[in-house]
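S.K.: Below you'll find the structure I mean.
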Amino acid sequence: MPDNLKLHELKQRLQAHLSDGLLLVVGSGLSVAEGLPSMGRLEEILKSEIPKSIDAKDQANWEQVIKQFDAGRGLEGALQDVKVSEELETLIRAVVAQHIEQSERQTIQECFSKSRSLRMAQLLPHLNPEPNKPLPIVTTNYDRLIEVAAEIAGYGVDTMFCGNFAANLDAELSRKSFVKSVARGKKLKIEYRKRISLFKPHGSLGWYALNGSPIQCHIPLELPPYIITPGLAKYRRGYDAPFDAQREGANQAIDSAARFFVVGYGFNDDHLETHLSPQIKKGKPCLILTHGLTPNAQAIVEQSPNTLAVVADTGGFKTISPTGHDHFSGLELWDIATFVREVLEP
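Residue 68 in the working numbering sits at position 66 of the sequence shown, and the numbers go up by one each step.
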């Protein structure tokens, strides 16, 4: 089959996938593409910053973490293998949050100065949710680039918090805040504005504690944000508010979705994988866009009959499915910006 015909048929398949019942899963790959630090970069930052503030009693623990980094275990693996103190965990969380927030601020500044267009803001106008229903998005990221991109694209953002500066965790009130109109007749008809339901089971840079309860505040505060860093702490803190509500909401959305669009996510998070991987493996259609497949993502593709991955390849990109792979020259179709321009725009 000629390459141009193969590409045309691929584009048609990709367009058809973005239909009703879609759930979007976003991993760190998308944030890295927008200039935020990768896991590898965060490792280097931690190696540099932690020794400046660490207590003597945590020094031996930290040296064990460094050994895991140097062995290639990565941030997630290192903090799973080494049990660190609560004080060291807090320090790691603070350093990670500080450097992600700095990069996030620069990226958002560039958006409002018109020198940058967020990839998610380009994508969302093409993912029209069903009338009166939100577009569900699950992300493992701490940053707020999805929230900014959604509002730039004209979407409301439902994070289960209601308010702007001391927003309380109240899923029902948050949902009702997006009511656009109410028509009274024989049957009450409620119309909602176009919106996303955003689930962040690992927390967010804008979440803090006020009198022991989680709040969302859009002003940066000199307080530790509610985020769960990789490692053993993730399993302990993941069952506290607001993480429990976010995780349960994400799992419900995953279970009820008809199809998945996975962007920059490596299938390495145990919290999500208890629901996401089984749904994909049993045959729900799944499209993966990423620079490269992690071992876990590769296994998902091989074991899932209706999954297609679009990844970087020398001189272009390739598609990978359980039945094989195809190479296409000249396009970086794994990148959302190229995907939108080549597949979704006229």
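For glycine and all other residues, C-beta sits at the position ideal for the given N, C-alpha and C. The structure displayed is predicted, hence computed values, not measured ones.
DSSP three-state call for G224: helix, strand or coil?
M.R.: Indexing the sequence shown from 1 puts residue 224 at position 222. Rather than Gly, the amino acid found at residue 224 in this sequence is Glu. Coil.
S.K.: Count the other CB atoms within 10 Å of the CB of L190; is the residue buried (16 or more) or exposed (fewer)?
M.R.: Here residue 190 refers to the residue found at position 188 of the sequence shown. L190 comes out exposed.
S.K.: Out of N134, S279, L38 and H329, which one is the CA nearest neighbour of N6?
M.R.: The residue labelled residue 6 in the question sits at position 4 within the sequence shown. Measuring from the Cα of N6, the nearest candidate turns out to be H329.
S.K.: Could you give the uninterrupted runs of the beta strand (DSSP E) lying entirely in the stretch 5–49, keeping only those of 3 residues or more?
M.R.: 24–28
S.K.: Would the stretch 166–176 count as touching the stretch 99–110 if we require 3 or more Cβ pairs under 8 Å?
M.R.: no
S.K.: For the structure I just gave you, are there three or more beta carbon pairs, one from the stretch 177–197 and one from the stretch 155–165, closer than 8 Å?
M.R.: Contact between the stretch 177–197 and the stretch 155–165 is present: three or more C-beta pairs spanning the two stretches fall below 8 Å.
S.K.: Excluding the 5 residues flanking S33 on each side, which residues of the same chain have their C-beta closer than 7 Å to its C-beta?
M.R.: Working through the sequence shown from its first residue, we reach residue 33 at position 31. Correct list, in chain order: N143, D145 and L147.
S.K.: I'd like the list of long-range same chain contacts for D271, defined as Cβ closer than 6 Å, with 5 residues on each side in sequence excluded.
M.R.: Working through the sequence shown from its first residue, we reach residue 271 at position 269. The answer, listed in chain order, is T142.
S.K.: Please state the DSSP three-state secondary structure of G205.
M.R.: Within the sequence shown, numbered from 1, the residue matching residue 205 stands at position 203. Strand, per DSSP.
S.K.: Roughly how many whole angstroms lie between the Cα atoms of P222 and Q248?
M.R.: Residue 222 sits at position 220 when you count from the first residue of the sequence shown. Residue 248 sits at position 246 when you count from the first residue of the sequence shown. Looking at the two C-alpha atoms, the distance is approximately 22 Å.
S.K.: In whole angstroms, what separates the C-alpha of S306 from that of V27?
M.R.: Position 304 of the sequence shown holds residue 306. Position 25 of the sequence shown holds residue 27. So the alpha carbons of these two residues sit roughly 17 Å apart.
S.K.: Can you give me the start and stop residues for the beta strand (DSSP E) that T141 sits inside?
M.R.: As a working mapping, residue 141 is identified with position 139 in the sequence shown. According to the DSSP assignment, T141 belongs to the beta strand (DSSP E) that extends over L137 to T141.
S.K.: For F114, count neighbouring C-beta atoms within 10 Å of its own C-beta (all shown protein chains included) and say buried if the count is 16 or more, exposed if not.
M.R.: Taking the first residue of the sequence shown as position 1, residue 114 is located at position 112. Exposed.
S.K.: On the CB-based measure, 16 or more other CB atoms within 10 Å of its CB, does R95 come out buried or exposed?
M.R.: Here residue 95 is taken as the residue at index 93 of the sequence shown, counted from 1. R95 comes out buried.
S.K.: Taking 6 Å as the limit between beta carbons, can you name the residues of its chain near M122, skipping five residues before and five after?
M.R.: Within the sequence shown, the letter at position 120 stands for residue 122. Same-chain partners within the cutoff: I148 and A151.
S.K.: Can you tell me the Cα-Cα spacing of L90 and K283, whole angstroms?
M.R.: Taking the sequence shown and counting its residues from 1, the one referred to as residue 90 is at position 88. Taking the sequence shown and counting its residues from 1, the one referred to as residue 283 is at position 281. If I take the Cα positions, the gap works out to 38 Å.
S.K.: Write down the C-beta distance between M41 and G74 rounded to the nearest angstrom, noting that I regard them as a contact closer than 8 Å.
M.R.: On the sequence shown, position 39 is the one that residue 41 refers to. On the sequence shown, position 72 is the one that residue 74 refers to. With a Cβ gap of about 12 Å, M41 and G74 do not count as contacting.
S.K.: Within the chosen definition, does the stretch 254–261 reach the stretch 15–25 through at least 3 CB pairs nearer than 8 Å?
M.R.: yes
S.K.: A80 to L175, Cα distance in whole Å?
M.R.: Residue 80 sits at position 78 when you count from the first residue of the sequence shown. Residue 175 sits at position 173 when you count from the first residue of the sequence shown. Between the alpha carbons of A80 and L175 lies a distance of about 40 Å.
S.K.: Rank P226, P203, K202 and R197 by C-alpha distance to the C-alpha of Y210 and give the top, closest one.
M.R.: The residue given as residue 210 occupies position 208 in the sequence shown. In terms of CA proximity to Y210, P226 leads the group P226, P203, K202 and R197.
S.K.: Taking C-beta to C-beta, are A99 and L212 nearer than 8 Å?
M.R.: The residue labelled residue 99 in the question sits at position 97 within the sequence shown. The residue labelled residue 212 in the question sits at position 210 within the sequence shown. Result no, Cβ atoms of A99 and L212 do not sit closer than 8 Å.
S.K.: Does the Cβ of R197 have 16 or more other Cβ atoms within 10 Å, making it buried, or fewer, making it exposed?
M.R.: Residue numbering aside, residue 197 sits at position 195 when the sequence shown is read from its first letter. Classification of R197: buried, given that the 10 Å Cβ count is 16 or more.
S.K.: For a cutoff of 8 Å on Cβ pairs, would you count Q104 as touching chain C?
M.R.: The structure shown contains no chain C, having only a single protein chain.
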